[in-house]
Amino acid sequence: MQKLFREFLKGIIKENPTFVLALGLCPTLAVSVSVINGIGMGIAATFVLVGSNIIISGLKNFIPDRIRIPCFIVVIATFVTITELTMKAYAPALDRALGIYVPLIVVNCIVLGRAEAYAQKSTVLNSLFDGIGMGVGFTLALILISAIREFLGAGTLLNHAVVKGFNPVLVMSMPSGALLIIGLLLGFFNILKKRRA
Amino acid sequence: MNLTQFLTIFISAVFIYNVILSRFLGLCSFIAISKETKPALAMSLSVMFVTTMSSIITWFIYRFLLIPFNLTYLRTISFILVIATFVQLVEMIIRKIAPPLYRFFGIYLPLITVNCAVLGVAVLNSDMFFTNNKAVTGSFYYSVFQGICVGLGYTLAMLLMSGIRERLDYCDVPEAVKEFPLAFIIASIMSLSFLGFNGFKF
Chain V
3 MQKLFREFLK GIIKENPTFV LALGLCPTLA VSVSVINGIG MGIAATFVLV GSNIIISGLK
63 NFIPDRIRIP CFIVVIATFV TITELTMKAY APALDRALGI YVPLIVVNCI VLGRAEAYAQ
123 KSTVLNSLFD GIGMGVGFTL ALILISAIRE FLGAGTLLNH AVVKGFNPVL VMSMPSGALL
183 IIGLLLGFFN ILKKRRA
Chain F
2 MNLTQFLTIF ISAVFIYNVI LSRFLGLCSF IAISKETKPA LAMSLSVMFV TTMSSIITWF
62 IYRFLLIPFN LTYLRTISFI LVIATFVQLV EMIIRKIAPP LYRFFGIYLP LITVNCAVLG
122 VAVLNSDMFF TNNKAVTGSF YYSVFQGICV GLGYTLAMLL MSGIRERLDY CDVPEAVKEF
182 PLAFIIASIM SLSFLGFNGF KF
């Protein structure tokens with residue numbers, strides 16, 4: 003049990019997909035305009051990660067080594083399609099806000115990265131917890147970035163105004179704001195890492 | 002189908018909605034391979050080739066396979082599989098018939114399979130140039146042209162970035178932001194200047 007918990011926990015801090023492994027940055031930057039979008043993307047990616055991790059670790063003895071990447075991609079794309087259709091049916095507003103970045107979860111390096119580096123060598127249960135941990139770590143990173151961007155760019159958090167008389171810095175809602183914030187955050191985490199070492 | 006439409010696609014794909022600086026597609030390769038100009042150019046040319054070819058292939062699949070059989074919900078799966086297979090095929094052909102070219106491009110080709118820019122163009126094309134499951138007039142030419150332009154935009158951003166980073170080697174930068182963080186901050190400033198193209202209209 004403790005071991006499973008450790009599998010879960012490593013995705014959140016020690017091997018955080020965004021800040022430590024620097025994987026899957028494209029959707030992170032594109033959808034982090036508001037916290038709601040960030041959470042939506044996080045949940046969608048977590049679902050795909052958990053689903054594909056379970057299936058791939060379950061099938062690891064049946065997938066020939068030479069064509070494993072196409073096999074992984076088919077499994078991942080299936081889960082992405084499920085997510086896409088579910089989101090279109092039950093959360094059309096979120097689907098419009100996330101746009102082409104939902105189908106692009108297929109090529110999110112986190113999902114394929116975990117399949118290749120972890121799920122194909124591990125048991126189903128371990129992969130399940132690894133998937134949840136990575137997904138939660140990804141979602142937390144998205145929430146952190148989108149909270150900073152939404153606060154600076156629109157002066158709100160979850161669409162509620164937080165500080166009175168705050169003049170929003172519009173550029174933070176734009177692409178260049180996203181790149182600047184991820185750059186500064188990565189630098190900040192580098193400093194933290196150095197301090198601890 | 003007219004010239005202004007092509008011009009609009011060109012301006013918006015290369016400058017206003019630049020794949021990297023505004024849509025954030027293909028960011029991983031952009032940050033990882035932009036340290037020197039030569040590999041950056043090789044990567045850009047392979048991306049341009051693959052975006053163009055995959056625009057052509059996915060258009061035919063969408064128009065003649067997915068729409069007639071009412072299977073448009075299989076778009077993601079079919080596109081990614083076809084792109085992956087195509088890239089693998091190109092890699093094999095190049096290795097067989099042009100070994101020098103393979104040494105130049107070879108290692109970047111497999112990376113392109115999971116480059117979001119390639120799948121992104123295919124998805125964008127099917128969103129933009131098909132309305133209510135019908136191809137708009139000239140949709141095939143628009144799709145191919147958009148594929149080329151997205152590749153051009155990628156090349157532009159890649160060359161600018163690698164030029165800047167080559168110079169940065171001689172600069173004394175703070176320890177904490179060396180390499181990746183600094184690359185993001187530079188990309189941010191580049192993206193800010195590309196913002197100036199917003200509002201270009203024909």
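Line by line, the protein sequences are chains V and F.
In short: position in the first sequence from 1, add 2, done, that's this note's numbering.
In short: position in the second sequence from 1, add 1, done, that's this note's numbering.
All C-beta atoms in this analysis are idealised placements derived from N, C-alpha and C, irrespective of residue type, glycine included.
Predicted model, so just to flag it, every value in this text is computed and none were measured.
In terms of CA proximity to L194 (chain V), V:V22 leads the group V:V22, V:L106 and V:V52. An exposed status is given to Y74 (chain F), since fewer than 16 other beta-carbon atoms sit within 10 Å of its beta-carbon. In the assembly as shown, C28 (chain V) is a buried residue. Its beta-carbon has 16 or more other beta-carbons within 10 Å.
Any Cβ of chain F closer than 8 Å to the Cβ of I75 (chain V) would place that residue at the interface, and such an atom is present.
The three-state reading of DSSP puts F201 (chain F) in coil, since its state is none of H, G, I, E or B. Close CB contacts of L110 (chain F) within its chain, under the 7 Å cut and outside five residues either way in sequence, are with S47, V88, V91 and E92 (chain order). In summary, V164 (chain V) is exposed, with fewer than 16 beta-carbon neighbours lying within 10 Å of its beta-carbon over all protein chains present. In this structure the segment 52-64 of chain F touches the segment 147-162 of chain F; the number of beta carbon pairs closer than 8 Å is three or more.
Among the residues facing chain F, N192 (chain V) is included, as its CB has a counterpart in that chain under 8 Å away. Contacts with chain V at 8 Å (Cβ-Cβ) include G121 (chain F). The segment 175-195 of chain V and the segment 182-192 of chain F touch, with three or more beta-carbon pairs separated by less than 8 Å. The DSSP-derived three-state label of T77 (chain F) is helix.
No Cβ-Cβ contact shorter than 8 Å links V33 (chain V) with S54 (chain V). DSSP places G53 (chain V) inside the alpha helix (DSSP H), whose first and last residues are V37 to G60. Chain-ordered listing is empty here: chain F has no CB closer than 8 Å to the CB of A99 (chain V), the nearest sitting near 15 Å. N110, C111 and L114: these are the residues of the segment 110-142 of chain V whose beta carbon lies less than 9 Å from some beta carbon of chain F, given in chain order. For T158 (chain V), the CB contacts under 7 Å within the same chain, skipping 5 residues up- and downstream, are E152 and V164 in chain order. N192 (chain V): member of the alpha helix (DSSP H) spanning P177 to R198, first to last residue. Excluding sequence positions up to five before and after A47 (chain V), its CB lies within less than 8 Å of the CB of G26, P29, I107, N110, I112, V113, G137, F140 and T141, all in the same chain and listed in chain order. Proximity of the segment 117-129 of chain V to the segment 142-150 of chain V falls short of the contact definition, fewer than three beta-carbon pairs being nearer than 8 Å.
Cα atoms of V37 (chain V) and C29 (chain F): separation of roughly 23 Å, rounded to the nearest angstrom.
By the neighbour-count definition (other C-beta atoms within 10 Å, threshold 16), A117 (chain V) is a buried residue.
Contact note: P69 (chain F) does not reach chain V at a C-beta cutoff of 8 Å; the least C-beta distance is about 19 Å.
With respect to chain V, the C-beta atom of R24 (chain F) has a partner C-beta closer than 8 Å. C-alpha of L172 (chain V) to C-alpha of I10 (chain F): approximately 26 Å in a straight line.
Pairing G189 (chain V) with P170 (chain V) gives a Cβ-Cβ distance that is not under 8 Å. Put simply, the CB of C150 (chain F) is far from chain V, with every gap to its CB atoms at 8 Å or more. DSSP lists V:A163 as the bridge partner or partners of T158 (chain V). Under the 8 Å Cβ criterion, the segment 12-30 of chain F counts as touching the segment 116-131 of chain F, having at least three qualifying pairs. Here the C-alpha atom of N116 (chain F) lies approximately 22 Å from the C-alpha atom of D97 (chain V).
In this structure S35 (chain F) touches A41 (chain F) by the C-beta definition: roughly 5 Å separates them, less than 8 Å. Taking C-beta atoms as the reference points, F81 (chain V) and V126 (chain V) fail to come closer than 8 Å. Residue environment analysis places M162 (chain F) among the buried positions, since at least 16 neighbouring C-beta atoms fall within 10 angstroms of its C-beta. Taking a Cβ-Cβ threshold of 7 Å, none of the residues of chain V is close to V83 (chain F); the smallest such distance is about 11 Å. L193 (chain F) sits close to S178 (chain V), with the two beta carbons spaced by under 8 Å. Any Cβ of chain V closer than 8 Å to the Cβ of V15 (chain F) would place that residue at the interface, and such an atom is absent.
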